[in-house]
Amino acid sequence: MSSPMLSAPISQALRGRTESTARRLLAGAGRASFTAYRHDAQRAVDVPAHGLTSTGELVVAHRGAALPCEPTAPTQVRLDIRREATEARVRIVAATAHALGSIEWLSAQALDRAVAEGRLPPTVALVAQAPDALVGVVTCDRVLVHDAAGVTPLAFADLARVRRGRPALAPFPSADQEFEVAELAAALPESDVYELYAGVSSGRLAGSVLSQTPIAPSCRATLGRIYWVDIDGVGVTLMHVGAGATTVVFAPFAQPARDLAQLSARLTGLLHRARS
Numbered sequence: 535m536s537s538p539m540l541s542a543p544i545s546q547a548l549r550g551r552t553e554s555t556a557r558r559l560l561a562g563a564g565r566a567s568f569t570a571y572r573h574d575a576q577r578a579v580d581v582p583a584h585g586l587t588s589t590g591e592l593v594v595a596h597r598g599a600a601l602p603c604e605p606t607a608p609t610q611v612r613l614d615i616r617r618e619a620t621e622a623r624v625r626i627v628a629a630t631a632h633a634l635g636s637i638e639w640l641s642a643q644a645l646d647r648a649v650a651e652g653r654l655p656p657t658v659a660l661v662a663q664a665p666d667a668l669v670g671v672v673t674c675d676r677v678l679v680h681d682a683a684g685v686t687p688l689a690f691a692d693l694a695r696v697r698r699g700r701p702a703l704a705p706f707p708s709a710d711q712e713f714e715v716a717e718l719a720a721a722l723p724e725s726d727v728y729e730l731y732a733g734v735s736s737g738r739l740a741g742s743v744l745s746q747t748p749i750a751p752s753c754r755a756t757l758g759r760i761y762w763v764d765i766d767g768v769g770v771t772l773m774h775v776g777a778g779a780t781t782v783v784f785a786p787f788a789q790p791a792r793d794l795a796q797l798s799a800r801l802t803g804l805l806h807r808a809r810s
């Protein structure tokens, strides 16, 4: 469980971690689906791409399978985005985001304009080239983020951060940078990863224990292992598999990272602090 007495800097870092996770999910990380719960509450429609437009609108691309309702009017939907850790050894759900709102499908003319003006995120624009593609704009007021720290409600307007028509900096890492970040993390020796985990869990390194979850006896191959749940511009999230529980910890960077070079430097600095 998270410590009941967190310092102001750690509390701020935890908030930054959750907001970073939410922005990355909305910007295209993970896999999205929507459910038109008033038409077919049991059917989740997977979408091949989603993201934020240059003006801060949340869009999803769809093609192929029939929609649960006609794409001629706004439809009430629940949007779900699920992101798994880029951890090759095991399958870990790093975070999910959920929102209730409505989806309105762009007309062919409006879609052509959005593509021509470069307003769509690249993955959505790519899918939109298919002759049977549809692109919908999802409108919602808030987003619920579920992760190891619990459930956090966030205002969509704050996450999209469009002010006076100008979007905020893109979240780091972007969806297409995640594997490069994973490779950077995987290059660290296991002894270094253990030092980061042990530093937070023992209190030597500033951070927080996000959760401790009882588990049944684990496979010997995973017992005692430490896995990467996430790494972004804010810090690192690690999971230790113990004999009776999994423990997830978060260690923030001293300064945010905005690119791969900065991320490498922040990791080096974090390891130095863990060894001090």
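When you line the sequence shown up against the working numbering, it's residues 535 to 810, in that order. Note that the Cβ used here is the ideal one computed from N, Cα and C, for glycine as well. Because the structure is a prediction, the values reported are computed rather than measured.
For the structure I just gave you, are there three or more beta carbon pairs, one from the stretch 754–773 and one from the stretch 790–808, closer than 8 Å? The stretch 754–773, when compared against the stretch 790–808, does touch it at the 8 Å Cβ threshold.
Report all residues from its chain with a CB closer than 6 Å to the CB of PRO608; omit the five preceding and five following residues, and keep chain order. These residues qualify, in order along the chain: SER636, GLU638.
Taking DSSP as the reference, what is the three-state secondary structure of ASP692? Of the three classes helix, strand and coil, the one that applies to ASP692 here is helix, per DSSP.
Can you tell me which of the three DSSP states ARG565 falls into? In the structure shown, the three-state DSSP call for ARG565 is strand.
Cutoff 6 Å; reference PRO602; Cβ partners in own chain excluding five residues on either side: Cβ neighbours of PRO602 beyond the five flanking positions: ALA570, HIS573, ASP574, ARG577.
Taking the alpha-carbon positions, what's the ARG697 to VAL715 distance? Because ARG697 carries a pLDDT of 43, less than 50, the predicted location of this residue cannot be relied on, and no value is offered for it.
Hey, quick one: how far does the alpha helix (DSSP H) through GLY550 stretch, first residue to last? Run containing GLY550: 542–560, per the alpha helix (DSSP H) assignment.
Secondary structure of THR756, DSSP reduced to three states: Three-state DSSP puts THR756 in coil, outside helix and strand.
Buried or exposed, going by whether 16 or more other CB atoms sit within 10 Å of the CB of VAL685? A residue is called buried when at least 16 other Cβ atoms come within 10 angstroms of its Cβ; VAL685 does not meet this threshold and is exposed.
Cβ neighbour criterion (16 or more within 10 Å) applied to GLY699: Unreliable placement is indicated for GLY699, whose pLDDT of 48 sits below 50; no coordinate value is reported for it.
Can you list, in chain order, the residues of its chain with a C-beta nearer than 6 Å to that of GLY550? Leave out the 5 residues immediately preceding and following it. Here the set comprises VAL768.
Bridge partners for ALA595 per DSSP, in chain order? BP columns for ALA595 point to ALA583, VAL669.
Give me the Cα-Cα distance between THR587 and ALA566, rounded to the nearest whole angstrom. Roughly 16 Å separates the two Cα atoms.
Is the stretch 609–621 in contact with the stretch 645–653, if contact means three or more CB pairs nearer than 8 Å? When Cβ pairs closer than 8 Å are counted between the two stretches, the stretch 609–621 is seen not to touch the stretch 645–653, the count staying below three.
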